[in-house]
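*Asks:* Residue numbers (the working numbering): 145 to 568. We put the beta carbon where it would ideally sit given N, CA and C, even for glycine.
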């Protein structure tokens with residue numbers, strides 16, 4: 145349920161909620177589909193409450209949103225107090241806040257804390273805030289307790305700023321049961337902790353085994369290696385990222401050694417983001433074949449934010465696989481067409497030849513997502529320029545080309561991982 149300042153209808157009476165819970169608590173599937181819960185005319189503080197709660201803590205300067213937020217929290221708290229069983233159905237919690245200012249902002253955190261403390265079976269926690277120090281201590285403590293719950297296995301920490309990376313490490317080190325980590329944070333001090341952060345309830349080294357990891361390089365740290373990756377390589381780090389099944393990461397100049405550390409025989413999905421910033425272009429020596437050599441069971445490979453300026457490097461790297469056979473099933477390429485650089489399209493023909501030679505015998509689909517930068521209209525001809533270079537893929541029905549609206553070249557914010565192909 146997303147907080148809205150729009151007028152709200154009367155909430156369902158708690159007696160009706162209690163009746164629903166009494167009759168459907170053992171049938172989760174039916175409960176989640178309950179029309180009284182899912183229909184738009186149900187009060188937002190109760191719509192979807194059996195699955196997900198969103199706490200959007202507003203800025204104190206917007207009194208209309210503050211008033212709506214306080215009423216929302218009050219209704220939610222009453223529902224949870226009068227129907228304790230409700231809390232057990234909440235599996236996802238999102239907490240976001242605007243920049244805090246003074247004691248009035250702290251009071252908004254305090255009422256949110258009362259809700260967080262009532263939820264004990266949350267599986268996914270999503271956090272987004274401008275400054276970690278803005279959060280009231282009580283709310284920070286309540287979130288830390290939630291991170292230690294055995295039920296919590298997924299954490300999204302997005303667009304968050306921490307004074308130092310040690311603060312990030314302290315927060316994450318308490319999430320002992322985490323399986324999925326989606327991180328995009330900023331900091332003014334990226335110095336890595338030499339050992340477990342002092343005062344933290346850190347798990348033992350390499351005791352938190354991740355199976356899904358998303359890392360986005362959100363700030364220039366003066367290094368070409370994501371601080372998270374460097375932390376994962378430390379002996380004292382509580383995370384074990386050596387047995388990942390799915391990895392999404394920025395691929396920038398000099399990143400190959402760091403990425404290599406995260407690859408393994410269990411990896412089945414790999415998504416690489418390529419920075420659009422000129423000073424962080426792809427390293428010409430980047431070796432896709434080398435990456436695949438570490439991932440013998442890879443099924444899905446996705447290149448994101450790739451520009452037509454850089455694609456020859458990718459094509460030549462793929463074509464240099466030297467006869468190796470890989471079990472790849474899906475290849476997805478998000479290609480941005482620059483208005484001042486059209487070619488050379490013919491280089492894609494070499495990749496088509498590689499697929500024709502059955503170097504990827506299990507290949508089911510190659511997907512191109514085309515977008516344009518610059519607004520010159522050149523991108524409108526991209527499909528006509530690309531398809532003739534891929535006769536085998538096109539003729540075999542394995543090629544899919546999709547045109548997208550113009551996209552900004554700014555680095556996008558990290559988003560929750562979407563469901564991809566299911567592999568047997």
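1) With DSSP as the reference, label residue 163 as helix, strand or coil.
2) Below 8 Å, how does it come out for the stretch 272 to 286 and the stretch 220 to 230: are there three or more Cβ pairs, yes or no?
3) According to DSSP, simplified to helix, strand and coil, what is residue 321?
4) Under three-state DSSP, which class holds residue 389?
5) Assuming residue 478 and residue 513 are in contact, meaning their beta carbons sit under 8 Å apart, how far apart are those beta carbons, in whole angstroms?
6) Can you check DSSP and say which residues form a bridge with residue 383?
7) Quick one: measure Cβ to Cβ for residue 391 and residue 411, integer angstroms, because I've assumed they're closer than 8 Å.
8) Suppose only complete runs of 4+ residues qualify. What are the alpha helix (DSSP H) ranges in the stretch 476 to 547, listed by chain order?
9) CA-CA distance, residue 331 and residue 464?
10) Going by DSSP in three states, residue 134 sits in which element: helix, strand or coil?
11) Based on Cα-Cα distance, which residue from 380, 502, 527 and 546 lies nearest to residue 536?
12) Quick one: what's residue 197 bridged to in DSSP?
13) Using a Cβ-Cβ cutoff of less than 7 Å, which residues in the same chain neighbour residue 123 once the five nearest sequence positions on both sides are dropped?
14) Does residue 540 pass the burial test, meaning 16 or more other C-beta atoms within 10 Å, or should it be called exposed?
15) Buried or exposed, going by whether 16 or more other CB atoms sit within 10 Å of the CB of residue 205?
16) In terms of DSSP beta bridges, what is residue 328 paired with?
17) First and last residue of the alpha helix (DSSP H) that includes residue 209?
18) Going along the chain, which residues of its own chain have a beta-carbon closer than 8 Å to the beta-carbon of residue 286, five neighbours each way excluded?
19) Nearest to residue 326 by alpha carbon, out of 279, 348, 379 and 385?
20) In chain order, what residues of the same chain lie with their CB nearer than 7 Å to the CB of residue 377, ignoring the 5 residues before and after it?
21) Report back the beta-carbon spacing between residue 446 and residue 409 to the nearest angstrom; my notes put them in contact at under 8 Å.
22) What residue from 251, 268 and 293 has the CA that sits closest to residue 281's CA?
23) Grab the span of the alpha helix (DSSP H) containing residue 372 for me, first residue to last.
24) Going by Cα to Cα distance, which pick from 474, 417 and 475 is closest to residue 451?
*Replies:* The structure says:
1) helix
2) no
3) coil
4) coil
5) 4 Å
6) 352
7) 6 Å
8) 491 to 500, 526 to 530 and 535 to 539
9) 39 Å
10) This structure gives no information on residue 134, because the portion of the chain shown stretches from 145 to 568.
11) 502
12) 237
13) Nothing about residue 123 can be reported from this structure: the residues present for the chain run from 145 to 568 only.
14) exposed
15) exposed
16) 302
17) 207 to 226
18) 257, 260 and 261
19) 385
20) 405
21) The pair is not a contact, with the Cβ atoms about 19 Å apart (cut-off 8 Å).
22) 251
23) 371 to 376
24) 417
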